[in-house]
Structure formats: structure tokens, C-alpha cells
């Protein structure tokens, strides 16, 4: 803007009267006063501009608190989508992530990208007659999968259900008893169902989540933009969002990590159960199953007809949650043919009709 | 080209010039906008934990405001249709004010979506792997940006022609006007499908959501335009024909009637059937297990909307004060209906039956206010430039040194 200094012209912009007749605007009365800039108005504008800049700087000052500023790198910013990475790209990404972990948690992780196995499709089956609601699975999962401890993120939610109903609305999420199980209730653990027709995958605008050939729905934590549309779409409330930078004590880190599963997650992205793929793709069982004291949890390859899960699917009266939504879960529930607890305990009231929330009935 | 750059420069200068009322208004908006920027900077540094959202209620005020403003943007067609379809010539120039409102509303929409993202720094991923046409969100990105461009083109072209004192060539804007009519309906339909397409949220999974969105948008949007046109008339002396207000008044009367009818149909299905589908609606209207944070909101909205409709249907609507009061009631009533009444209750209870209520934090509210202030700043500047151009007092021939004086005198009183 050309600055012209006019001496002796005290006209200040802004305080001249407006003409009541709009069209008589260009009257000479004040046009002369606005011809250029006086020293006073120049100083005023300069002060205004400085004040404005200071206000903007002040408004932006919280940005100085960004904690992951140090770990920012152009390479990370330009990292490709998982499916587009060459083996070299992946190696570089793994190195970078391993270094970040080392720096942050003083642990050198055993980090790799584990691919699905041929001829394997995983299925989970959960025996509701055996589950006692001890929540050991919840905590084993947190420990195995490097979830944030503060705020704590849990993939498994165990719901205490009154006997005689399968209406999930009647369940209690926050039961707190000195001992479990309570005889009037049964327990319904819920985690990601790894649906074959997953609504979360459908809605993701950037393809940051997808289904792998072995049936596991995974997330590329470095691709997710954090819109949380998948969280709204999931009928099983299986997805979790990192509302802030996850915090994990250094001595609690599990160094056995995979790119698509339990490596530490950044702030602002989604995560969820991935059937412990860092274990299960290497022939081990998920952490929640290993810790279960009653053997209520069964896991395996459904393509192998001799596997325990195949036998269960064939012989037990299985059901899935919200079957009517057509999500085709890979997570099945069943009751023992004869419910041992129910045999000992007479029911307090006649059972009500099962709600349509739990399809199939037990 | 040179003339165009000079035009832009003069527009830029003009937006800094006005009388004390203009300065006070712009200063206040700037302060609020900066408070919003500050709040967003905090959110950017610490994450969305600065908001009241949780894993249970994972969308809140941001998405609620976004949804509302998509409706406001779509409502610009309610001025376009009378002019270009029914040939009400006297309103021709007013269309520009409606379309400028659409531009400002879409800018706000895009800001609301951006502040809702956990990783806005990865925005580029949308361009690199775009899940089109499967994800409805990608449709929304396309239609919103397309609508923004369409409206910017139409307004920009007409204003620039007036500035150059040229007669606008029909081929350069009439086809776009008609595309924009369909497009406006599409933006709100796609936004409704965003919610209606989720089987896991029975409260949203209803075919009536899209028609309800359109009806409420065509009530709230023109109500905003009615008030805005009066402000423009008072502040700038720009002649707004009474016919414009009366056409918009009939539109909001009809749209509001349809909106309440559709709401009634929805409520009948929800409550008469008494199926599990109704839990969220029960929570919204009556509360559930001792939780009733949304109950006062929704009944306020019902009262405001019904009251507005009663005024519009009675002879009172001929008195401008009552009309304005009805418009204000509708604007607020529909904002509540779409935000607190449509987005949030779908998350309560959660799909696993857990009831977690949602209360926005101060930081979140400041971000919202900041975005509204930015939107109003944009709209004020648009009007500030448009009025002198349309009135012929700012054209190519106006000497530079007169620009300030001219503009100072006319629209400065906003």
C-alpha cells in the first residue's frame, strides 16, 4: 500500500458522518479528508497492525505446547498408505517407528510387519455359560496391546446381564462386586467382531481401515485422519479414539509389536481389537484367551475343519450380536448345552422374551 | 486481467473502511474469532480431549453446527427458484445476497469439519486415497466444495460484471444457476445420508431423515435471509422489495409445516411401536434412567418451532415485528432440533446400551463461536463490497481516491 504523508490534515478515517442519502455518497465534504494518509492515521494504523499481529500471536501461542513437535519429520509426513508401501518403504517406516519407541520408552521394540497366513481365516467363539465376568481379559488386552493407561483405553467391554434376557439395554457396564460371578447374572464380553461386512470400513473416507484376507479388520494408524465416522458406524461400540497423546509407563511397554496392531499409537487416531495379530499370525493365541481362567474363550482357523472353533460352530447353538444388521461378525457366542449355573440356581422370575437385539436367541 | 486484480485490491481496501458501527462490529467479530483460534490452538496441541466428546458420544457440537450450516447454505436456492424458475424479476439482485450467505455458510461448514478431525495435518490423505463412492463422507466433501465453487462463480461473475458495467452474458451463469439449484438439494441430502446410512444407529437409520433435513433447512435458511435482508436494508439503504420478504415468508410457513409434520410422523413411528428403536427418542424427550440432559433442549425447540408456526399461520405475520420474532424463534428452534435433537441423541445410549451424557466444554464452545464469527466476518465483507457495486457507486470508473469516500458513505453503517 503506497503511504503518502500529508501535513496538516487532521481528518481521521472512520469518524466522518455518513450521508443519509446513500446515492449522494461522493459529496466533496469528506473526500478531501480521505485523499491520503496523515501522520496520525499512519501511526494509528501501525499501532493497529502491531496490536493485531500481537493478538494473533497470542491466540496461536498454545501451539507451543505441541508435545510431538520433536518427533515431526518430513518422512513421517510423506509416509505412504500401508498398501502402497514398497518393502523398502516399510523397512524405513519400521526403523523410524522403532527409533521413536526407543526414544520415548527406552525400549528397543521387536517391530515388524506381519502378513496374514495363507489358508487361514480367524474366528472367535465365546462360551457365555463359562464366562464369570472377572475382566482379566480386559486388562490382559491393555497390557498386550500397549493401550494408553491415562486415559485408559480398553478394547473389551464386559457387560453384566440379568438372567432371563438378552436385551443389551438391560446390562450393567460398570458392575463392581467383591466377587464374581453373581448368581442372578451372566456376563457378556464384547470386543471388535471383525465383521465380514464391516460398516466401519465402508464409511472411512481415506481407506485407513480395511479387512485383511485372514478376516481381521486393521487400521493404518499413520493414515487415519481421525474423523471418527467409523466410531459412529460401528454397531458393537468396538472402536476407540485417542482423544489425547496416549501415555504408557516405560516399564509397561510390550516390545513385541506389529505395524498393523500394537505399536504405540499417536494422538487423534482410531484403534481397536485386532485379534492380537502380532501373536495370532505367528501361531499363538490372543492375550484375552490365554488369561481367561475358565476357558470361555476359543479362537482358531475356521478353514481347518478339525480346529476347535470349527467344531464349536458345527455342534453348539451359536449366535451373533445384532444379526439383523447384516454385518456378518466373526465373533460368535454360545451357551453350553446345559447351563451349569442355571441348573443349581432357580430363576427368580420367569424369563422374559429375548429382545431382537441379540439375534438368534440362545 | 489487470482490471480484475485492481478490482480485488479495491475490494480488499474496501473491507477495511467504514463508519464506527462497522468498525465496532468487525472489531467484536475479530476478537471472538481470535478467541476461537486460541481455543483451537489448545485443541490442536492437546487433542480432542479439550472437548466434551467421548468414545460413547463421538460427535458433538462441531458436527451439529456443521449439519445446521449445510442446511443454511442449501437454503439459498429458496431465493434462486422464485427468480430463475418463476421469473420474479424484481428479486434478481437479491439472489446474490442469498448466494453469498451460502458461500459464508459453506466456509463455516468446512471449518467445522476441519476442527472435528483428530489429525487435520493429514488432510492431504483425502486427495491421495479417496474412498469414493463407498464412503458418504467423500460424497459430502465433493458436493460441499462443488457448491462452494458454483456459488463463488455465480456471485463473483455477477458482481464483477456490475463493477465493469457490462451486461452479464447468460451463458456464463444461467447454466450454473440451474446446476446450483439441484446441487443445493444434493448437499443436504448427502449430509442426511451420512447419518441415515448407519445401520448401527437406529435413531438415524430412517428414510425420513433426508426429507426432514431439507424441510428444516428450507425453514431456517430463508428465516436467516429474511432477517439479513432487513439488516442490509437498514444498514446500507439498499432497496429490498417488500415482495422479497413476503415470498420468503410463505416459503418458511410451508417448510415449517412440512418439517413439523415429518417430525410428527417420526415420533409416531418411534413411540407407538414401542420397539427398541425408540430408546434414543425416549432419552431425548423424556430422559432415561435418571439421565435427562437433552430434555430441556428439545422441548425448548418444540415450543419455539410450534410458536413460530402459529405466528406465521395467524394474521400476526403481517406485522414485521412478529415475523422477525417468528424467524428468530425458528432459527434457534431448528438449530437445537438438528444439533442437540438429532446428532447427539443418536449416541445415547451407546450401541451396547451404556448411557454417557454429553456436555460441551468451554473450549469447544469458544471454537464454535470463533467459527461463527469468522463466517459473519466473511459475510459482512461480502455485503460491504457487493452493495456499492450493485448500487453503481463503485465501478471501474470510480477514481481510486474516491473509493474510500464512496464506500464510507454508503454501506458503512452495518
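Chains as they are written, first to last, in the numbering used here: chain A, 134 to 495; chain B, 14 to 427. C-beta atoms are modelled at their ideal positions from N, C-alpha and C, and glycine is treated no differently. Values in this document were obtained by computation on a predicted structure and should not be read as measured data.
- Task: Could you round the C-beta distance between residue 73 of chain B and residue 357 of chain B to whole angstroms and report it? I think they count as a contact, below 8 Å.
- Result: Approximately 7 Å separates the beta-carbon atoms of residue 73 of chain B and residue 357 of chain B; this is inside 8 Å, confirming the contact.
- If you compare alpha carbons, which of B/142, B/224, B/215, B/266 is closest to residue 203 of chain B? Per the Cα distances, B/224.
- Message: Please report whether the beta-carbon of residue 198 of chain A lies at a distance below 7 Å from any beta-carbon of chain B.
- Response: Chain B, which has a Cβ nearer than 7 Å to the Cβ of residue 198 of chain A, makes this yes.
- Task: Apply the 10 Å Cβ neighbour rule to residue 207 of chain A and answer buried if 16 or more other Cβ atoms are within range, or exposed otherwise.
- Result: By the neighbour-count definition (other C-beta atoms within 10 Å, threshold 16), residue 207 of chain A is an exposed residue.
- Message: For the structure I just gave you, are there three or more beta carbon pairs, one from the segment 233 to 242 of chain A and one from the segment 87 to 95 of chain B, closer than 8 Å?
- Response: The segment 233 to 242 of chain A, when compared against the segment 87 to 95 of chain B, does not touch it at the 8 Å Cβ threshold.
- Kindly list the residues whose CB is nearer than 6 Å to the CB of residue 168 of chain A, restricted to its own chain and excluding five residues on each side of it in sequence; keep chain order. Unreliable positioning characterises residue 168 of chain A in this predicted model, as indicated by a pLDDT of 49, which lies under 50. The coordinate reading is nonetheless provided below. If we look at residue 168 of chain A and ignore the five residues flanking it on each side, it has no Cβ neighbours.
- Among A/359, A/252, A/396, A/372, nearest to residue 135 of chain B - alpha-carbon criterion: The residue with the shortest Cα to Cα distance from residue 135 of chain B is A/359.
- Bridge partners - residue 524 of chain A, DSSP secondary structure assignment: Absent from the model: residue 524 of chain A. The displayed extent of chain A is 134 to 495, so no value can be given.
- Query: The alpha helix (DSSP H) spanning residue 74 of chain A covers which residue range?
  - Reply: What is shown of chain A runs 134 to 495, which leaves residue 74 of chain A out entirely.
- Message: Given a cut-off of 7 Å on the beta-carbon distance, is the pair residue 84 of chain B and residue 230 of chain B in contact?
- Response: A contact, by the Cβ cut-off of 7 Å.
- Task: Note down, in chain order, every chain B residue with its Cβ under 7 Å from the Cβ of residue 405 of chain A.
- Result: Residues of chain B whose Cβ lies closer than 7 Å to the Cβ of residue 405 of chain A do not exist, since the nearest Cβ in that chain is about 10 Å away.
- Task: With a 10 Å radius around its C-beta and 16 neighbouring C-beta atoms as the bar for buried, classify residue 191 of chain B as buried or exposed.
- Result: Using a 10 angstroms sphere on the CB of residue 191 of chain B, the tally of other CB atoms stays under 16, which defines it as exposed.
- Query: For residue 335 of chain B and chain A, any beta-carbon pair shorter than 7 Å?
  - Reply: So no, residue 335 of chain B is outside the interface.
- Cβ-based burial, residue 187 of chain B [other Cβ within 10 Å; buried from 16]: It is exposed - the Cβ of residue 187 of chain B has fewer than 16 other Cβ atoms within 10 Å.
- Query: Could you give the residue range of the beta strand (DSSP E) that holds residue 352 of chain A?
  - Reply: Counting along the chain, the beta strand (DSSP E) containing residue 352 of chain A begins and ends at 350 to 352.
- Span of the alpha helix (DSSP H) holding residue 439 of chain A? Following the DSSP letters along the chain, one finds residue 439 of chain A in no alpha helix (DSSP H), marked with neither H nor E.
- In chain order, what residues of the same chain have a beta carbon less than 7 Å from the beta carbon of residue 217 of chain B, not counting five sequence neighbours either side? Within the same chain, 208, 209, 211, 359 come within 7 Å of residue 217 of chain B by CB-CB distance, once the 5 residues on both sides are set aside.
- Alpha carbon to alpha carbon, how far is residue 256 of chain B from residue 459 of chain A? One alpha carbon belongs to residue 256 of chain B, the other to residue 459 of chain A, and they sit about 53 Å apart.
- Message: Assuming contact is defined by CB atoms lying nearer than 7 Å, are residue 339 of chain B and residue 317 of chain B in contact in what I supplied?
- Response: Contact: no.
- Interfacial residues, the segment 132 to 156 of chain B to chain A, with Cβ spacing under 9 Å: Result list: 132, 133, 134, 135, 136, 137, 138, 139, 141, 142, 143, 144, 145, 147, 148, 149, 150, 151, 153, 154.
- Which whole-angstrom value describes the C-beta separation of residue 396 of chain B and residue 113 of chain B, a residue pair presumed to lie in contact below a C-beta threshold of 8 Å? Contact holds; Cβ gap of about 7 Å.
- Item | Sequence ranges, alpha helix (DSSP H) only - wholly within the segment 248 to 301 of chain B, length at least 4 | Runs of the alpha helix (DSSP H) inside the segment 248 to 301 of chain B: 255 to 286, 292 to 299.
- Whole alpha helix (DSSP H) runs in the segment 136 to 187 of chain B with 4 or more residues, listed along the chain? Counting only runs of 4 or more, we get 138 to 141, 149 to 177.
- Item | Among B/63, B/32, B/254, nearest to residue 376 of chain B - alpha-carbon criterion | Cα-wise, what sits closest to residue 376 of chain B is B/63.
- Message: Short of 7 Å Cβ to Cβ, which residues in the segment 65 to 82 of chain B face chain A?
- Response: Within the segment 65 to 82 of chain B, the qualifying residues are 68, 71, 72.
- Message: If contacts are defined as beta-carbon pairs under 8 Å, then residue 229 of chain A and residue 209 of chain A qualify, I think. What distance do you get, rounded to the angstrom?
- Response: About 7 Å separates the beta carbon of residue 229 of chain A from that of residue 209 of chain A, a gap short enough to meet the 8 Å contact definition.
- Task: Please confirm if residue 447 of chain A has its CB atom under 7 Å from at least one CB of chain B.
- Result: Contact with chain B is absent for residue 447 of chain A, since none of that chain's Cβ atoms lies less than 7 Å from the residue's Cβ.
- Message: Applying the 10 Å Cβ sphere with the 16-neighbour rule, what's the burial state of residue 33 of chain B?
- Response: Result: exposed.
- Every unbroken beta strand (DSSP E) inside the segment 178 to 251 of chain A [3 residues or more]: Within the segment 178 to 251 of chain A, the complete beta strand (DSSP E) runs of at least 3 residues are 243 to 245.
- Check distances from the C-beta atoms of the segment 220 to 248 of chain B to those of chain A and list, in chain order, the residues that come in under 9 Å. For chain A, none of the residues of the segment 220 to 248 of chain B brings a beta carbon within less than 9 Å of one of its beta carbons.
- Query: Using a Cβ cut-off of 7 Å, which residues of the segment 358 to 375 of chain B contact any Cβ in chain A, in chain order?
  - Reply: For the segment 358 to 375 of chain B, the set of residues with a beta-carbon nearer than 7 Å to any beta-carbon of chain A comprises 362, 363, 364, 365, 366, 367, in chain order.
- Message: Counting only beta-carbon separations shorter than 7 Å, does residue 377 of chain A have a partner in chain B?
- Response: Closer than 7 Å: yes.
- Task: Tell me where the beta strand (DSSP E) around residue 344 of chain A begins and ends.
- Result: From DSSP, the beta strand (DSSP E) with residue 344 of chain A extends over 342 to 344.
- What three-state label does DSSP hand residue 322 of chain A in the structure shown? For residue 322 of chain A, the secondary structure class from DSSP, reduced to helix, strand or coil, is strand.
- Query: Should residue 324 of chain A and residue 289 of chain A be called a contact, given that it needs their Cβ atoms to be closer than 7 Å?
  - Reply: Yes, Cβ-Cβ distance for residue 324 of chain A and residue 289 of chain A is below 7 Å.
- Amino acids of chain B, ordered along the chain, whose beta-carbon sits closer than 8 Å to that of residue 242 of chain A: Simply none; closest approach about 23 Å.
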